[in-house]
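Asks:
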Amino acid sequence: MKTPRHFLQFKDLSRAEFDYLFTRTRAIKQQFKAYQKYWPLEDRTLVMIFEKASTRTRLSFEAGMHQLGGAAIYLNTRDSQLGRGEPVEDAAEVISRMSDAVMIRTFEQSIVERFAAHSRVPVINGLTNEYHPCQIMADIFTYIEQRGPIQGKTVAWIGDSNNMCNTWLQAAELLDFNVHVSTPPGYEVEPERAGLYGTDHFEQFADPLEAARGADLVTTDVWTSMGFEAENETRIKAFKDWQVDAEMMQVADPQAVFMHCLPAHRGEEVAAEVIDGPQSVVWDEAENRLHTQKALLEFLILGKV
Ligand code: CP
Ligand code: NVA
Numbered sequence: 007m008k009t010p011r012h013f014l015q016f017k018d019l020s021r022a023e024f025d026y027l028f029t030r031t032r033a034i035k036q037q038f039k040a041y042q043k044y045w046p047l048e049d050r051t052l053v054m055i056f057e058k059a060s061t062r063t064r065l066s067f068e069a070g071m072h073q074l075g076g077a078a079i080y081l082n083t084r085d086s087q088l089g090r091g092e093p094v095e096d097a098a099e100v101i102s103r104m105s106d107a108v109m110i111r112t113f114e115q116s117i118v119e120r121f122a123a124h125s126r127v128p129v130i131n132g133l134t135n136e137y138h139p140c141q142i143m144a145d146i147f148t149y150i151e152q153r154g155p156i157q158g159k160t161v162a163w164i165g166d167s168n169n170m171c172n173t174w175l176q177a178a179e180l181l182d183f184n185v186h187v188s189t190p191p192g193y194e195v196e197p198e199r200a201g202l203y204g205t206d207h208f209e210q211f212a213d214p215l216e217a218a219r220g221a222d223l224v225t226t227d228v229w230t231s232m233g234f235e236a237e238n239e240t241r242i243k244a245f246k247d248w249q250v251d252a253e254m255m256q257v258a259d260p261q262a263v264f265m266h267c268l269p270a271h272r273g274e275e276v277a278a279e280v281i282d283g284p285q286s287v288v289w290d291e292a293e294n295r296l297h298t299q300k301a302l303l304e305f306l307i308l309g310k311v
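Heads up: the sequence shown runs through residues 7 to 311, numbered per the working numbering.
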């Protein structure tokens, strides 16, 4: 049996493969917008396992599979045996005999890795505590679509050094751009947890305004990620000066775009005038989850077409 390719973290694919995926995304998006039927995954099935809530990830994978002629099955921990202690390895053996790909949103990265080690089919990380590779793939595609190549550009990450931040940092190493990170004290990037080879592609700033200065893309995310709700009160106090506001966008490059993976909390990590303002590309960013993941599914299930 051939070992399947997985997408568990951003660096699981090469730079050349991302170039290919972005080219396929453009074609697939264009075809979809022109109402052209494209069913390369007819009779193929994606199983989606959710241990955390989701709107965009579920919708984009489920709609994406249907649009490619296939089917998607939704499982969650509340009403499957996964929530009742069935070993991840056993679940992987069974689920992967009945499907063509599996997408998992869960807690520790080790869970998706254990699943993948026992899976006969490609496994996609739909968000873990550590990474959110599908979102960063969509974000980078959106940047390229709006502004051109991302190589050599500067991304300002303002806020928590969470799954999104870690994945931006991995992407920067792979695709050769820079990330300026500003987190409150005590919430700094941990390069090992982020899975980085070095520190060449990021710089940490105590002052968020300095991180945003001259940036080509300014981005942030919730102060409290799923699974960390117990820390919410402490985080609200610690992060209060790490809001992306108009002043921050003012010091960024005049052509800078604002991104947020959503869901957003206006008045916390982002001011309403920024997310609803002219530099914000958050709706295109959300839509591009659909198109980039269709290219990813096509690639992981069929290989290059
Ligand atoms: N951005 C994102 O992954 O959204 P959902 O949590 O709604 O899937
Ligand atoms: N960092 C957030 C992203 C949600 C899409 C979380 O993990 O909850």
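Even glycine gets a Cβ: it sits at the ideal position worked out from N, Cα and C.
Computed from a prediction, not measured in an experiment: that's the story for all the values here.
What is the DSSP secondary structure of R11, counted as helix, strand or coil?
Replies: Your numbering for residue 11 matches position 5 in the sequence shown. It is coil, neither helix nor strand.
Asks: Use the C-beta contact count for L65: other C-beta atoms within 10 angstroms, 16 or more gives buried, fewer gives exposed.
Replies: The count along the sequence shown starts at 1 and reaches residue 65 at position 59. The residue is exposed, with fewer than 16 neighbouring Cβ atoms inside 10 Å.
Asks: With a cut-off of 8 Å on the beta carbons, I'd call P139 and I307 a contact; round off their distance for me.
Replies: Within the sequence shown, numbered from 1, the residue matching residue 139 stands at position 133. Within the sequence shown, numbered from 1, the residue matching residue 307 stands at position 301. The pair is not a contact, with the Cβ atoms about 17 Å apart (cut-off 8 Å).
Asks: For the beta strand (DSSP E) containing H186, list its first residue and its last residue.
Replies: Translated into the one-based positions of the sequence shown, residue 186 becomes position 180. Residues N184 to S188.
Asks: Any chance the CB of S286 is under 7 Å from a heavy atom of ligand 1?
Replies: Residue 286 sits at position 280 when you count from the first residue of the sequence shown. The answer is no for S286.
Asks: How about V185 and H207: do their beta carbons lie closer than 8 Å?
Replies: Here residue 185 refers to the residue found at position 179 of the sequence shown. Here residue 207 refers to the residue found at position 201 of the sequence shown. Cβ atoms of V185 and H207: closer than 8 Å.
Asks: Tell whether a beta-carbon distance below 8 Å holds between V263 and V280.
Replies: Position 257 of the sequence shown, counted from the first residue, corresponds to residue 263. Position 274 of the sequence shown, counted from the first residue, corresponds to residue 280. No.
Asks: If you measure from the CB of R272, is any heavy atom of ligand 1 nearer than 7 Å?
Replies: Numbered from its first residue, the sequence shown carries residue 272 at position 266. R272 Cβ: outside cutoff for every heavy atom of ligand 1.
Asks: With distances taken between CB atoms, is the gap from V53 to V100 smaller than 8 Å?
Replies: Position 47 of the sequence shown holds residue 53. Position 94 of the sequence shown holds residue 100. Contact flag unset, no.
Asks: Please classify E57 as buried or exposed, where buried requires at least 16 neighbouring CB atoms within 10 angstroms.
Replies: For the purposes of this step, residue 57 is taken as residue 51 along the sequence shown, with counting starting at 1. Buried, by the Cβ-count rule.
Asks: Taking the DSSP output, what are the residues bridged to V339?
Replies: The chain is shown only over 7 to 311; residue 339 falls outside these bounds and no answer can be derived.
Asks: State the start and end residues of the unbroken alpha helix (DSSP H) segment that holds V288.
Replies: Here residue 288 corresponds to residue number 282 of the sequence shown, with the count starting at 1. Residues V288 to L308.
Asks: For W163, write down the residues that DSSP places opposite it in a beta bridge.
Replies: Taking the first residue of the sequence shown as position 1, residue 163 is located at position 157. For W163, which the question treats as bridged, DSSP gives the partners V187 and T225.
Asks: Select from G201, E179, N168 and A177 the residue whose C-alpha is nearest the C-alpha of S188.
Replies: Counting from one through the sequence shown, the residue named residue 188 turns up at place 182. The candidate whose alpha carbon is nearest that of S188 is N168.
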